[in-house]
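> Dropping the structure in here first, questions after.
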Amino acid sequence: MPKAFLLNLLLLLSLSRYTYGQQGKLFKYCNAFDKLNSQVTNGSINRNKAAHSFSSLITKIKAVYTPSTDDKWVFPLAGYSARDIGGTHGDGYNDKGYNYFDGNKHTAHPAHDIFIDDRNHDDLDDHTQLPVNVLAVADGLVLACSNTWDAESDLRGGRYIWLYHPQQNIITYYAHNRNVFVKPGDIIKRGQKIAEVGRTGFNAYKQRSPTHLHFSAFNLTGNLPVPYNPYQALTQAARL
Ligand SMILES: [Zn+2]
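Heads up: the sequence shown begins at 842 in the working numbering, then just goes up one per residue.
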């Protein structure tokens, strides 16, 4: 066997082992994050302990994940635009008093609700009779998600997704989905379909609530989540 061939084979083997090792670690850290996020949501973890675990997991993920250099945004609802954001010029956003570590009991609304045309509340777009796709705004990975929610639950997010975008050092959150198509540790491309809009969540399920995506963005400050108003990024995002 030629020496060059053997060397190439060895290189390939070590590369695939590196890649596997990286993905394996990401699954491990993101599954730990997913568990932590559930504990925060249901209030079963002390806040200081939760904050410590949060920043330590982000540090570990940063160490193994190679971020893409692309930091442009795609609008998170296929076929819709910033015109469908609730309120006037993004005034539906309010982060006063909000703290991620308050979990399901949090106050304020550090988010934009983006409404779809669904007058009969069947989750489907009235014009196409099809579900509306929820898209990742940027490249990143899935930190946490849930595809289980039932009408008896008092959890507000329903079926939700948390994405981490290391190139921008931000986290985005997508709530009230009817169906979630990703799992913790998955690497996601900008514009990728991650869910379909729905009416899951304690308030979103109620008859008075028009069908919408609840979308939030957080800066990581000292590796802890601080909400910011993403209105401008949403108005400038590419539409798919
Ligand atoms: Zn909302």
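Cβ coordinates follow ideal geometry from the N, Cα and C atoms, glycine included.
Model, not experiment: these values are computed from the prediction.
Could you give the residue range of the beta strand (DSSP E) that holds Ile1012?
Per DSSP, Ile1012 belongs to the beta strand (DSSP E) from 1011–1021.
> Going along the chain, which residues of its own chain have a beta-carbon closer than 8 angstroms to the beta-carbon of Asp964, five neighbours each way excluded?
Here the set comprises Pro972, Arg1019, Glu1037, Val1038, Gly1039, Arg1040, Thr1052.
> Taking DSSP as the reference, what is the three-state secondary structure of Arg1031?
Note: Arg1031 maps to coil in three-state DSSP.
> Excluding the 5 residues preceding and the 5 following Tyr939 in the sequence, name in chain order all residues of the same chain whose CB lies nearer than 7 angstroms to its CB.
Same-chain partners within the cutoff: His947, Thr948, Ala949, Pro951, Pro1068.
> In chain order, which continuous runs of the beta strand (DSSP E) of length 3 or greater are located wholly inside the stretch 1033–1058?
Counting only runs of 3 or more, we get 1034–1038.
> Does any heavy atom of ligand 1 sit closer than 6 angstroms to the C-beta of His947?
No, Cβ of His947 sits at least 6 angstroms from all heavy atoms of ligand 1.
> Drop a sphere of 10 angstroms on the beta-carbon of Gly862, count the other beta-carbons inside from all chains shown, and report buried for 16 or more, exposed for fewer.
Exposed, by the Cβ-count rule.
> For ligand 1, I want to know if Asp795 counts as a neighbour, meaning its beta carbon is within less than 6 angstroms of at least one of the ligand's heavy atoms.
The structure shown has nothing for residue 795, since the chain only spans 842 to 1081.
> According to DSSP, is Gly981 helix, strand or coil?
Correct three-state label for Gly981: strand.
> Where Pro1066 and His968 are concerned, what is the direct C-alpha to C-alpha distance, given to the nearest angstrom?
Cα to Cα, the separation comes out at about 37 angstroms.
> Look up Pro1068 in the DSSP assignment and give the residues it is bridged to.
Bridge partners of Pro1068: Phe1059.
> Would you mind sorting Asp875 into buried or exposed? The rule is 16 or more other CB atoms within 10 Å of its CB.
Its Cβ being crowded by 16 or more others within 10 Å, Asp875 is buried.
> Any chance the stretch 971–988 sits against the stretch 1007–1022, with 3 or more Cβ pairs inside 8 angstroms?
Counting Cβ pairs under 8 angstroms, three or more are found: they touch.
> Kindly list the residues whose CB is nearer than 6 angstroms to the CB of Ile886, restricted to its own chain and excluding five residues on each side of it in sequence; keep chain order.
Same-chain partners within the cutoff: Gln880.
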